[in-house]
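In full-length UniProt numbering, the protein residues as written are 1 to 664.
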């Protein structure tokens with residue numbers, strides 16, 4: 001993974017918020033539960049980086065556990081609980097070791113074979129077994145039996161084949177030296193479960209064993225059942241009850257910490273929902289489990305989104321004692337500002353100062369997406385090490401992506417561009433050409449319409465994200481640019497996609513859409529003539545807005561080969577003179593339907609469109625002074641043809657002249 005960093009101020013704000021929430025209970029947190037902290041951001045926005053920062057901050061000091069639900073191995077709630085318990089039970093100064101006797105008792109009962117015994121005999125068997133297990137070092141002996149021989153053996157718990165070897169052995173080592181017996185209250189808990197129940201603990205444990213037997217009979221891939229839900233619920237309740245039963249010294253220290261990455265995945269949602277549901281209501285005088293949970297995701301999952309929330313700064317505002325805490329605190333991961341990108345690219349250059357023009361192009365291309373900026377910064381560092389000048393984002397995209405395990409490596413592998421596409425659109429497989437075709441859409445609605453035409457509607461995207469989903473934020477913007485660049489390298493696909501979208505816009509009488517896609521098809525001359533005809537009939541501000549919307553059409557195949565900005569401008573001008581015939585010119589220039597040579601206004605609009613398309617494309621080079629001057633001159637010459645737009649045109653002329661000075 002290409003490393004990047006977040007704005008120092010924003011990162012420290014997030015860490016301070018979590019730190020404030022972990023403090024021993026004061027005010028609203030003296031008795032109540034701490035809200036879940038939710039870091040929200042699209043793919044590559046830096047959520048995992050922020051968790052790693054918290055990981056480094058608490059490591060060796062505070063009991064904590066971190067899991068990534070996007071990885072395999074967390075589909076089963078019992079296994080996830082065991083992994084969390086093992087990591088939380090590791091020795092930490094002042095805390096010593098956290099203990100999980102209720103969870104271990106539940107695992108012990110699940111492991112027993114009571115099949116064929118009636119209820120009374122099953123109760124007696126468990127009573128005898130638990131009495132024997134209360135002898136010295138029972139956790140170690142139990143776990144050794146559970147592990148079995150050979151060491152690679154696994155055990156089937158509740159119909160789920162759990163790889164218990166590593167996590168449970170860790171718990172055995174952690175508990176055997178300091179926890180030779182379990183307190184009677186740990187077994188009694190299964191009777192009341194902190195819910196005021198009057199059940200006998202052995203009855204609950206026999207029922208737990210029956211659930212496990214039912215799931216064993218159903219098999220690992222059996223359907224979700226009430227038995228599975230009940231078993232998961234009881235194990236999660238036991239896990240939290242063990243945390244509530246920590247020694248008094250732990251409550252006087254910062255709380256243990258759970259770091260849950262990508263909880264908006266199915267496995268993450270299942271675990272988070274179970275964790276939230278397993279917390280019993282707090283009776284007057286009762287104390288909540290000393291635990292702070294930090295989760296990440298693209299969007300808040302339903303398990304959180306329908307409950308009261310507040311911004312993370314709530315934790316920094318010293319809430320009053322009578323104020324009920326919200327269920328969760330939201331922190332949206334910010335995109336990088338241009339000043340942040342200036343620092344990152346500066347770090348990649350020998351003198352520590354990146355060209356401000358290149359910084360602006362990187363900011364426009366990435367929209368501040370942290371991972372994309374980090375990848376481009378790595379490309380810039382590689383070019384700087386070879387003492388090769390860099391003028392455009394396209395040059396950085398062509399650099400080899402650093403190997404994940406060797407950051408400085410330039411071994412054969414994907415380019416930065418290919419690596420970013422793979423990161424932002426994982427598991428696309430053979431669908432990438434069709435997905436790139438959908439990127440021709442001017443809006444998410446057009447891309448979605450086109451996806452139905454190429455058979456992509458209803459495809460299950462990783463994490464439920466579609467490439468044209470604007471909720472993905474800056475990552476969606478970067479992916480859209482990369483996919484359009486890929487589409488431009490296949491001219492036939494480019495023409496087919498924009499031709500379909502042009503026809504779609506014609507059916508909907510969408511004039512801006514029609515002109516946009518005709519311009520993308522190379523019909524610059526016809527589009528310029530239509531805009532010239534509209535100039536005296538539209539208010540000046542409305543006409544300028546239309547021109548900017550139409551000129552957002554990417555250069556397409558004309559920009560498939562990297563060119564300096566002025567060279568691309570001249571290619572687009574030649575395209576307007578010699579390009580493909582438009583609907584008004586079926587025979588091309590000079591044909592029977594040729595409307596004739598462009599007049600002065602038509603020439604100016606043609607130059608205006610070409611220059612706007614180039615300056616709107618951050619992939620072309622940084623030599624843009626001439627283009628902004630060209631735009632200013634074209635607008636100045638067209639101002640007199642607008643019925644009421646003289647003031648509007650004059651302001652635009654001054655803005656583009658100022659831009660020309662900036663790019664000089």
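We treat Cβ as the ideally placed atom computed from N, Cα and C, and that holds for glycine.
> According to the Cβ coordinates, are residue 278 and residue 303 closer than 9 Å?
Replying inline: Annotated as distal: residue 278 and residue 303, with beta-carbon spacing of 9 Å or more.
> Hey, how far is the Cα of residue 338 from the Cα of residue 366?
Replying inline: Between the alpha carbons of residue 338 and residue 366 lies a gap of roughly 11 Å.
> Unbroken alpha helix (DSSP H) runs of length 4 or more, entirely within the segment 505–539: which are they?
Replying inline: Given a length threshold of 4 residues, each whole run of the alpha helix (DSSP H) inside the segment 505–539 is given here in chain order: 511–520, 524–534.
> Thinking just about the alpha-carbon of each residue, which of 638, 648, 622, 621 is nearest to the one in residue 606?
Replying inline: The residue among 638, 648, 622, 621 with its C-alpha nearest the C-alpha of residue 606 is 638.
> Do residue 275 and residue 293 have their C-beta atoms within less than 9 Å of each other?
Replying inline: The answer is yes: Cβ separation under 9 Å.
>> If the criterion is Cβ atoms closer than 9 Å, does the pair residue 95 and residue 83 meet it?
In response: No, they are not a contact pair.
>> In this structure, how does DSSP classify residue 498 when only helix, strand and coil are distinguished?
In response: Residue state, collapsed to three classes: helix.
>> I'd like to confirm the pairing. Which residues does DSSP put opposite residue 294 in its beta bridges?
In response: DSSP output for residue 294 lists 37, 259 as bridge partner(s).
>> Between the alpha carbons of residue 382 and residue 244, how many angstroms are there, rounded?
In response: Across the structure, residue 382 and residue 244 are spaced so that their CA atoms are roughly 52 Å apart.
> By Cβ distance, which residues of its chain are closer than 6 Å to residue 635, with the 5 residues on each side in sequence left out?
Replying inline: These residues qualify, in order along the chain: 649, 652, 653.
> Does DSSP put residue 336 in a helix, in a strand, or in coil?
Replying inline: Three-state result, residue 336: coil.
> So who's on the other strand from residue 57, going by DSSP bridges?
Replying inline: BP columns for residue 57 are empty, so no partner.
>> At the level of alpha carbons, what is the spacing between residue 78 and residue 235?
In response: Rounded to whole angstroms, residue 78 to residue 235 spans 7 Å at the Cα level.
> Hey, which unbroken runs of the alpha helix (DSSP H) at 4 residues or more fall wholly within the segment 237–289?
Replying inline: Within the segment 237–289, the complete alpha helix (DSSP H) runs of at least 4 residues fall at 248–251, 266–277.
> Near residue 379, what residues of its chain come up, given a Cβ to Cβ distance below 6 Å and the 5 sequence neighbours on each side ignored?
Replying inline: Correct list, in chain order: 396, 399, 416.
> residue 517 to residue 616, Cα distance in whole Å?
Replying inline: For residue 517 and residue 616, the distance between alpha carbons rounds to 16 Å.
> For the candidate residues 63, 266, 473, whose alpha-carbon lies nearest to that of residue 336?
Replying inline: For residue 336, the closest alpha carbon among the candidates 63, 266, 473 is that of 473.
>> Tell me which residues share the same chain as residue 625 and place their Cβ nearer than 7 Å to its Cβ, disregarding the 5 neighbours each side in the sequence.
In response: Apart from sequence neighbours up to five positions away, the residues of its chain that approach residue 625 with a beta-carbon distance below 7 Å are 660, 663, 664, ordered along the chain.
>> Between 574, 621, 38, which has its C-alpha nearest residue 305's C-alpha?
In response: When C-alpha distances from residue 305 are compared across 574, 621, 38, the shortest belongs to 38.
> Taking all protein chains shown into account, do 16 or more other C-beta atoms lie within 10 angstroms of the C-beta of residue 524, making it buried, or fewer, making it exposed?
Replying inline: That one is buried.
> Does the pairing of the segment 259–267 with the segment 101–121 give three or more beta-carbon distances under 8 Å?
Replying inline: Not touching, per the Cβ criterion.
> According to DSSP, is residue 331 helix, strand or coil?
Replying inline: Residue state for residue 331 is assigned as strand, using DSSP reduced to three classes.
>> Pop quiz: residue 431 and residue 450 are said to be a contact at Cβ under 8 Å. What is the actual Cβ separation, rounded to whole angstroms?
In response: Not quite, the Cβ-Cβ distance comes to about 13 Å (not below 8 Å), so this is no contact.
> Is residue 565 closer than 9 Å to residue 627 when the C-beta atoms are compared?
Replying inline: Note that the C-beta distance between residue 627 and residue 565 is below 9 Å.
> Roughly how far, in whole angstroms, is the beta-carbon of residue 102 from the beta-carbon of residue 186, given that I think they are within contact range, below 8 Å?
Replying inline: So it is a contact: roughly 5 Å between Cβ atoms.
> Within this structure, are the beta carbons of residue 618 and residue 361 separated by less than 9 Å?
Replying inline: In contact: residue 618 and residue 361 (Cβ atoms closer than 9 Å).
> Can residue 665 and residue 559 be called in contact, C-beta distance under 9 Å?
Replying inline: Outside the displayed range of the chain (1 to 664) lies residue 665, so it cannot be described from this structure.
> Do you know how far the Cα of residue 491 is from the Cα of residue 557?
Replying inline: Between residue 557 and residue 491, the C-alpha separation is close to 6 Å.
> Quick one: is residue 393 buried, meaning 16 or more other Cβ sit within 10 Å of its Cβ, or exposed?
Replying inline: Classification for residue 393: buried.
> What's the call for residue 204, buried or exposed, on a 16-neighbour Cβ count within 10 Å?
Replying inline: That one is buried.
> Under 9 Å, do residue 511 and residue 535 count as touching if we go by C-beta distance?
Replying inline: Their beta carbons are not under 9 Å apart, which means residue 511 does not touch residue 535 by this criterion.
> What does residue 309 pair with, by DSSP beta-bridge criteria?
Replying inline: Within the DSSP bridge table, the entry for residue 309 names 328 as partners.
> Alpha carbon to alpha carbon, what distance is there between residue 372 and residue 315?
Replying inline: So the alpha carbons of these two residues sit roughly 31 Å apart.
> Which of helix, strand or coil does DSSP assign to residue 665?
Replying inline: No information on residue 665 is available, as it lies outside the stretch 1 to 664 that the chain covers here.
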